[in-house]
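Chemist: Using my numbering, the first residue of the sequence shown is number 309, and each one after it goes up by one.
Glycine included, every Cβ here is placed at the ideal spot set by N, Cα and C.
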Amino acid sequence: MTSEFAPEWFSPPGSTLSMMMARRGLSTRELATKLQEDIAFVLRLLAGTERIEKQVANLLAENVGATSKFWMSRQAKYDTALNKTARNIGSDVAAAWLRSLPLKDMRSAGWIVPTGEYSLPAALAYFGVTGPDEWRERYADHATKYSYRTSQTFESKLGALAAWLRQGELQAAGITCAKWDLETFRSALVEIRQLTRLKSPLMFMAKLRAYCASSGVAVVFIKAPAGCRASGATRFISRDKAMLMLSFRHLSDDHFWFSFFHEAGHLLLHGHDSTFVDGDAAETTEKEKEANLFAAGTLIPLPERGRLDGLRASVNGVVRFAVSIGISPGIVVGQMQHERLLGPSQLNGLKRRYTWDEVQKAVEQLSL
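Next up, the structure:
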């Protein structure tokens, strides 16, 4: 019997697929291998933006469960509901909403089917909403906290931010984690801090994800689409699992690691009930100040920060100090620039710079 897998409400076949994958302990990467597709394809299946065709239905029946007929029927019912929903949205409203979304970047990143097909059903499926109003209810609060509401380009900024956050939710859902444990995560940060000394994303990203997963935190690395200035974000996607997103926005070690520890501070200090999005436009609220202090104090403990003033613009002095406290010299430079002990152009050669190619290679080697 497969009727238990056919919910009556509006939901994609990916909802059923996700549940059955969890039952079998099947990861996103493992399913991608069985389907002879890439991870982006499976993420689109889960979101509902990739249709289940006959060949995929056969493979799902063979590797996940139910029957090929069930999967085809599930897709057909969803298509009917999705298209009916799309038809009920006025053409002007639909066009305005679609203009606010970074569809080109979403296609090129593989978040929606990378073709020129009609975009409204794909956008509804991607966000899991029945229309622009529900979409705004879900995401506008995040953008408000992110200081976008006062901007004339609020809608497009919201579109880019929402697309990025949604991709984080989809990827984080596929990462196997232990149950959230605050003290385990706090202890893991001691080990993670040592990773700042590693030079390339290939050397530290897998270790960073593993340390975090052991305490219930799913770390995802996702390039922000055009219009999204976010560096990081956190939220609990369930009571037992947190999502921590990083965009590698500035492609430098000082910014990346400060962003990570800032987001970690939110998880440790600010509970289950809020989403935090941080970047160039983030408001300086009390909670943001607390997360900043947590990151700064974790990277350079308070007893050591008094030594920064004496380092001045000395390459050797900064390197020796960084080695003595176990972090990268670039982080020291970044903190000194923030404290205005250095000018914004001083000692930048000590920062490690990354490229999108090396970040992407590291991402491809991670397992979801």
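Is the distance from the Cβ of L368 to the Cβ of A374 below 9 angstroms?
Modeler: Taking 9 angstroms as the Cβ cut-off, L368 and A374 qualify as a contacting pair.
Chemist: Could I get the ranges of all uninterrupted beta strand (DSSP E) runs contained in the region 578 to 641, with 3 residues as the minimum, in chain order?
Modeler: Counting only runs of 3 or more, we get 584 to 587.
Chemist: Taking the alpha helix (DSSP H) that S399 belongs to, which residues open and close that run?
Modeler: Note, S399: alpha helix (DSSP H), 399 to 408.
Chemist: For R661, write down the residues that DSSP places opposite it in a beta bridge.
Modeler: DSSP, once it has assigned bridges, lists S560 as partnering R661.
Chemist: Spell out the partners DSSP gives R543 in its beta bridges.
Modeler: DSSP output for R543 lists M551 as bridge partner(s).
Chemist: Just how far apart, CA to CA, sit Q479 and W472?
Modeler: One C-alpha to the other measures close to 11 angstroms.
Chemist: Taking all protein chains shown into account, do 16 or more other C-beta atoms lie within 10 angstroms of the C-beta of D617, making it buried, or fewer, making it exposed?
Modeler: The residue is exposed, with fewer than 16 neighbouring Cβ atoms inside 10 Å.
Chemist: On the CB-based measure, 16 or more other CB atoms within 10 Å of its CB, does P320 come out buried or exposed?
Modeler: When all chains shown are included, P320 counts as buried.
Chemist: Which value, in whole angstroms, describes the spacing of the CA atoms of R457 and L343?
Modeler: Confidence in R457 is poor, its pLDDT being 36 and thus under 50, which makes the residue's placement unreliable; the coordinate value appears in the next sentence. Cα-Cα distance, rounded: 43 angstroms.
Chemist: Between K515, T484, A433, which has its C-alpha nearest R331's C-alpha?
Modeler: The option with the nearest alpha carbon to R331 is T484.
Chemist: Can you tell me the Cβ-Cβ gap for H431 and L409, rounded? I've got them flagged as a contact below 8 angstroms.
Modeler: For the sequence presented, residue 431 should be read as Ala rather than His. Yes, A431 and L409 are in contact; Cβ-Cβ is about 6 angstroms, under 8 angstroms.
Chemist: Check whether the region 607 to 616 touches the region 532 to 546, counting contact only when three or more Cβ pairs, one atom from each stretch, lie closer than 8 angstroms.
Modeler: With a cut-off of 8 angstroms, the region 532 to 546 and the region 607 to 616 do not count as touching, because too few Cβ pairs lie within range.
Chemist: From what residue to what residue does the alpha helix (DSSP H) around V350 run?
Modeler: Looking at the DSSP string, the run of the alpha helix (DSSP H) that includes V350 is 347 to 355.
Chemist: Distance check for G322 and S546, CA to CA, integer angstroms please.
Modeler: In a straight line, the C-alpha of S546 is about 18 angstroms away from that of G322.
Chemist: Are at least three pairs of beta-carbons, each pair with one atom in the region 655 to 672 and one in the region 557 to 564, less than 8 angstroms apart?
Modeler: The region 655 to 672 is in contact with the region 557 to 564.
Chemist: Return the first residue and the last residue of the alpha helix (DSSP H) that V364 is part of.
Modeler: Where V364 is concerned, the enclosing alpha helix (DSSP H) stretches over 362 to 371.
Chemist: Go ahead and pull the three-state DSSP assignment for A417.
Modeler: Correct three-state label for A417: coil.
Chemist: Could you check whether the region 499 to 510 touches the region 635 to 646, counting it as contact only if at least three pairs of C-beta atoms, one from each stretch, sit closer than 8 angstroms?
Modeler: Because the criterion of three Cβ pairs below 8 angstroms is met, the region 499 to 510 and the region 635 to 646 touch.
Chemist: If you draw a straight line from the alpha carbon of R382 to that of E491, how long is it in whole angstroms?
Modeler: R382 and E491: Cα-Cα distance of roughly 42 angstroms.
Chemist: Would you tell me roughly how many angstroms separate the C-alpha atoms of K549 and S622, rounded to the nearest one?
Modeler: Approximately 43 angstroms between the Cα atoms of the pair.
Chemist: So what does DSSP say about F568, is it helix, strand or coil?
Modeler: In the structure shown, F568 sits in a helix (DSSP, three-state: H, G or I).
Chemist: Can you check DSSP and say which residues form a bridge with F529?
Modeler: Answer by DSSP bridge pairing, in chain order: L554.
Chemist: Short check: CB of L354 to CB of L325, under 9 angstroms?
Modeler: Contact flag set, yes.
Chemist: Can you tell which of V671, M511, S567 has the C-alpha that lies nearest to the C-alpha of Q643?
Modeler: When only C-alpha atoms are compared, the closest one is S567.
Chemist: Could you give the distance in angstroms between the alpha-carbon of A470 and the alpha-carbon of T583?
Modeler: Between A470 and T583, the C-alpha separation is close to 12 angstroms.
Chemist: What does A538 pair with, by DSSP beta-bridge criteria?
Modeler: A538 pairs with G587.
Chemist: When the Cα of F529 is compared with those of E358, E345, L351, L674, which residue comes out closest?
Modeler: Cα-wise, what sits closest to F529 is L674.
Chemist: Looking at F493: is its Cβ nearer than 9 angstroms to the Cβ of L576?
Modeler: It is a contact, given that the beta carbons lie within the stated cut-off.
Chemist: Going by C-alpha distance, which of T393, E445, G476 is nearest A417?
Modeler: Comparing Cα positions, the closest option is G476.
Chemist: Between Q460 and L466, what straight-line distance do the alpha-carbon atoms span, to the nearest angstrom?
Modeler: Annotation note: pLDDT 40 at Q460 (below 50); position unreliable, no value reported.
Chemist: Output the distance between the C-alpha atoms of S464 and G651, rounded to the nearest integer angstrom.
Modeler: Its pLDDT being 46, under 50, S464 is placed unreliably in this model, and the value from its coordinates should be taken loosely. Rounded to the nearest angstrom, the two C-alpha atoms are 34 angstroms apart.
Chemist: To the nearest whole angstrom, what separates the beta carbons of T357 and Y434, a pair I think is in contact under 8 angstroms?
Modeler: With a Cβ gap of about 5 angstroms, T357 and Y434 count as contacting.
Chemist: Could you give the distance in angstroms between the alpha-carbon of I500 and the alpha-carbon of L339?
Modeler: Taking the straight line joining both Cα atoms gives about 30 angstroms.
Chemist: Relative to the C-alpha of E598, which candidate in H574, M513, G439 has its C-alpha closest?
Modeler: Cα-wise, what sits closest to E598 is H574.
Chemist: Is the beta carbon of V401 closer than 9 angstroms to that of P440?
Modeler: Their beta carbons are under 9 angstroms apart, which means P440 touches V401 by this criterion.
Chemist: Does DSSP put P509 in a helix, a strand or coil?
Modeler: Correct three-state label for P509: helix.
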